[in-house]
Amino acid sequence: MATLTDPPEHGFRLGQLIYDTRYRSLTIQVVAMILLALMMSWLVSNTIQNLAALGKDINFGFLWQPSGYDINQRLISYDSQATHGRAAVVGILNTLLVALLGCILATILGVIAGVLRLSSNWIVSRLMAVYVEGFRNVPLLLWIILIFALLTESTPAPNAFRGDEPTSSMFLDAVAVTNRGVYIPALHFASPLSQNGAVTWGVILLVLALSIFAITRIKRWATATQEATGVRPATWHYTLGLLIVPVGALLVTMGAYLDLPALQGFNFAGGTHLRNSLIALWLALSLYTGAFIAEIVRGGILAISKGQSEAAFALGLRPSTTMNLVILPQALRVIIPPLISQYLNLTKNSSLAIAVGYMDARSTLGGITINQTGRELEGMLLLGLFYLVLSLIISAAMNIFNASVKLKER
Amino acid sequence: MKRTVTLGALAVAGLTAAGAAGAATLDDVKARGTLNCGVATGLPGFAAPDANGVWQGFDVALCRAVAAAVLGDPMAVEFVPTTGQTRFTALASGEIDMLARNTTWTFSRDVDLKFEFVGVNYYDGQGFMIPKALGVSSAKELDGATVCIQTGTTTELNLADFFRVNNLSYEPVPIETNAEAQQQYLAGACDVYTTDASGLAATRATFEAPGDHVILPEIISKEPLGPLVRHGDSEWGDVVRWTLNALVAAEEYGVTSANIGELSTTAGDNPEINRLLGTEGELGAMLGLDAAWAKNAIMAGGNYAEVFEKNIGENTPIGLSRGLNAQWTEGGLLYAPPFR
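So the protein lines, in turn, are chains A and B.
So our numbering is basically just the index in the first sequence, starting at one, shifted up by 123.
So our numbering is basically just the index in the second sequence, starting at one, shifted up by 815.
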């Protein structure tokens, strides 16, 4: 028996690397690491060697050459004489636009559908079930193409608005729904103060943010007063005033006016043109992702113990108040982590844009630029890097938000 | 995560490049027994499957001629439909052996993209098609128009240049394939459809009412369309180049699918025909093919004129005249170098 407690008499032997559990895991990790490194170096050298055999190198110089192609939807100034790099930025901004719009609408749709799916009203809950199952079980690409086809086939061409007795007319003389998109009025500024559009909009948003900040302060004051005296002072006139007066005054100073779309030549001119490609992609992404979010929301609500709502009802709260003040705030803790991956999915799925000719990063940098310059590897690496960085940013932002709503353990 | 993505991208690039590195395409094709030929996804007259699913068309005929020359069987072709965006990657990666897809011969594609254009099988130019009802008679009147354009093509660049130089504005609607463009154009989502004039004629021929659409007189570019192969495999390039030349030369010398049987049995009076058909000289062996290579190629679909008339000529719905694509002896640009 004494041999069991004896310390080993010999030193370290090589066989211990495999047979001794103290070292085995380390051995396996080192070997795996070496194999991984070997494979990577083989891939890299193979790529470089084969590119050399084709007479190609890895070169990002094409980003500074003129692109030569036009892009219809551009959020920054761009023409065919601009560089491929700028074309990529135009595409990236278009991706960001549709991803942002999509995330907002998908969240709204998802929360509504998720809550209504739990409704005690049989028709409402069945309808929501049909929506969820219908959208999440059919490939997104089909929805994008279907919605785009509906938009182009069912709406009138600009020509239908022409002539003395047009077959179609504009809504309130301000909005034209055509098979090329929806033309809505645009806000323009006449004053010499607002030469730079971006600065003007920045100032307006800043004023709006300050107003909203003031409104939250007023609400806090109202709540404090209510807690002290039991009477909540009326604040709606302050809120309304703060919301309208500063921004309104700013708009008047800037000489804001509405630029209405009007038929001119082949198309409507003036106003803002929301292209069908954008609308179709936006709606399809939102409806599709909204169906997944609805299930996440439903799961989050069901995760809250029934005792919570029973307690709220016992206190005399109405169902809507119970949902808004008791259930949803707790459900958010369960909802947010899976919601992050839905936002990431939506953003990455926006790369299906080329199906309807929406010029996102995949269509400009990953499509036309690659085709015109023959730089497939470089273009795809840049595109992968862009989606990676974007996803990590979204993920980080949502994690910060998650940290703020998660259960605080004190 | 980041490393995984890079790794994956490199893996893809590594694998595709590995495919391309095998230089001897001719041996590969012979060993495989079929020719992988990249064509359009469906452009009537040039490359489209017929009612029986058999590919037909002007570009398809060239693939069949090459297959006949190399393998002796015009049907031993695997057709790979490619879009404007996928065609070059398909060729560079080795997925296809040759590309015959209305592809314009340009400097950068030949030099920078590392391809080799082996000749021109159709001299074309970019045009505009527009509904008659819009009352436009010149491309200069297209200010503000919405233009459907196949993305990833030279026409996209020509279009940008044309409108910029003429100081006109337009709204491009990027489209992946000809079929999509047709649907968008007919739905009125764009006023104008622009592509090579031959493609416009081919597309218009499939409309219910072709007469309601006009092709504007302006031809805004030179579009020499031709087959291409990968750079760096000159033997294979020679095979495709001289197969095309054989079809053109056959028309010049009056060799047709009708009289080729007779002409190829014994050597005749014309030494050029004899060398072409292998009854004299060793031209086939020089290419690494058998002596009847050109005969097989011509028998696949006839000489250039026969292929043209059958697929896109004036008696077809597409109704293209020979124009620039006539023989040099008839005022056209077709000029096959001598077979000797």
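Backbone N, C-alpha and C fix where the C-beta goes; we use that ideal spot for every residue, glycine too.
Thinking residue i and residue j are a contact (beta carbons under 8 Å), I'd like their distance in whole angstroms, please.
i, j, result
"D1027 of chain B", "P1132 of chain B", "Not a contact, Cβ separation roughly 15 Å."
"Y411 of chain A", "L198 of chain A", "Not a contact, Cβ separation roughly 24 Å."
"F391 of chain A", "A299 of chain A", "5 Å"
"H1046 of chain B", "F930 of chain B", "6 Å"
"N1111 of chain B", "V1070 of chain B", "Rounded, the Cβ-Cβ distance is 13 Å, inconsistent with contact."
"G304 of chain A", "R398 of chain A", "4 Å"
"A297 of chain A", "G413 of chain A", "Contact doesn't hold; Cβ gap of about 29 Å is too wide."
For residue i, which option in the options has the closest C-alpha, if you only look at C-alpha atoms?
i, options, result
"L949 of chain B", "A:Q139, A:A332, A:G286", "A:G286"
"G257 of chain A", "A:A417, A:N522, A:L140", "A:A417"
"L1043 of chain B", "B:E1066, B:E1067, B:C878", "B:C878"
"V988 of chain B", "B:V885, B:A1004, B:A994", "B:A1004"
"W324 of chain A", "A:F312, A:A229, A:S334", "A:F312"
"G857 of chain B", "B:T849, B:D842, B:F894", "B:F894"
"S409 of chain A", "A:A229, A:G178, A:T496", "A:A229"
"I491 of chain A", "A:A175, A:L159, A:A211", "A:A211"
"S1124 of chain B", "B:M1114, B:A1115, B:L1135", "Checking the sequence, you will find Glu at residue 1124 of chain B rather than Ser. E1124 of chain B has its Cα closest to that of B:L1135, out of B:M1114, B:A1115, B:L1135."
"P1153 of chain B", "B:W1108, B:N1111, B:I1088", "B:I1088"
"Q900 of chain B", "B:T966, B:S908, B:A1064", "B:T966"
"Q387 of chain A", "B:G959, B:G853, B:V854, B:A846", "B:G959"
"E276 of chain A", "B:A1002, B:G1128, B:N973, B:V1063", "B:A1002"
"A1100 of chain B", "B:E1129, B:Q871, B:A884", "B:A884"
"G940 of chain B", "B:L974, B:L850, B:A855, B:E956", "B:L974"
"R979 of chain B", "A:Y192, A:V322, A:N217, A:R303", "A:Y192"
"I575 of chain A", "A:A526, A:F185, A:I463, A:I523", "The question about residue 575 of chain A has no answer here: the residues shown for chain A are numbered 124 through 533."
"V234 of chain A", "A:G502, A:I402, A:V479, A:L451", "A:L451"
"L176 of chain A", "B:A907, B:I964, B:E986", "Here the sequence assigns Ala to residue 176 of chain A, which means Leu is not the residue at that position. Out of B:A907, B:I964, B:E986, B:A907 has the C-alpha closest to the C-alpha of A176 of chain A."
"T487 of chain A", "A:L448, A:I194, A:R259, A:N169", "A:I194"
I'd like the list of long-range same chain contacts for residue i, defined as Cβ closer than 7 Å, with 5 residues on each side in sequence excluded.
i, result
"Y361 of chain A", "I341"
"A836 of chain B", "Confidence at A836 of chain B is low in this model, with a pLDDT of 42, below 50, so the placement of that residue should be treated as unreliable; the coordinate-derived value is given next. So no residue of the chain qualifies."
"R456 of chain A", "V528, K529, L530"
"W187 of chain A", "T206, G208"
"F509 of chain A", "I215, A484"
"T919 of chain B", "T969, E1038, P1039, L1040"
"A1082 of chain B", "N1089, T1094, E1095"
"Y254 of chain A", "A236, A414"
"L1059 of chain B", "L877, V933, G934, N936, P1042"
Quickly, what does DSSP pair residue i with across the bridge? List them, please.
i, result
"C878 of chain B", "Beta-bridge pairing links C878 of chain B to no other residue."
"D143 of chain A", "BP columns for D143 of chain A are empty, so no partner."
"E893 of chain B", "B:N851"
"A385 of chain A", "A:A392"
"V305 of chain A", "A:V300, A:L397"
"C963 of chain B", "B:V988, B:Y1008"
"V1029 of chain B", "B:I945"
"A379 of chain A", "A:F312"
"Q900 of chain B", "Note: Q900 of chain B sits in no beta bridge, so no partner."
"Q871 of chain B", "B:A863"
"F932 of chain B", "B:L1043"
"M913 of chain B", "B:C852"
"Q1142 of chain B", "B:L1149"
"P189 of chain A", "A:T206"
"D939 of chain B", "B:E1038"
"T919 of chain B", "B:L1040"
"F294 of chain A", "A:V298"
Near residue i, what residues of its chain come up, given a Cβ to Cβ distance below 6 Å and the 5 sequence neighbours on each side ignored?
i, result
"L239 of chain A", "V247, M251"
"A407 of chain A", "W266, I267, I270"
"T358 of chain A", "I341, A345"
"L954 of chain B", "This sequence places Ala at residue 954 of chain B; Leu is not what is there. If we look at A954 of chain B and ignore the five residues flanking it on each side, its Cβ neighbours are F943, L1031, E1033."
"V167 of chain A", "none"
To which residues of the same chain is residue i closer than 8 Å at the C-beta, ignoring the five residues directly before and after it?
i, result
"L373 of chain A", "V326, I327, V330"
"I141 of chain A", "R147, T150"
"G1138 of chain B", "Y938, G1147"
"Q139 of chain A", "R145, Y146"
"S514 of chain A", "L467, T470, K471"
"A882 of chain B", "T849, L850, C852, D888, P889, M890, A891, V892, A1115"
"A994 of chain B", "T856, G857"
"P460 of chain A", "N525"
Length-filtered (3 minimum) beta strand (DSSP E) runs lying within the segment 316 to 340 of chain A:
Counting only unbroken stretches of 3 or more residues, no beta strand (DSSP E) element lies wholly within the segment 316 to 340 of chain A.
Can you list the alpha helix (DSSP H) stretches of 4 or more residues lying completely in the segment 1041 to 1086 of chain B, in chain order?
With a minimum length of 4 residues, the continuous alpha helix (DSSP H) runs that stay inside the segment 1041 to 1086 of chain B are 1049 to 1068, 1075 to 1080.
At 4 residues or longer, and completely inside the segment 389 to 468 of chain A: list those alpha helix (DSSP H) runs for me, N to C.
Listed in chain order, they are 399 to 425, 429 to 437.
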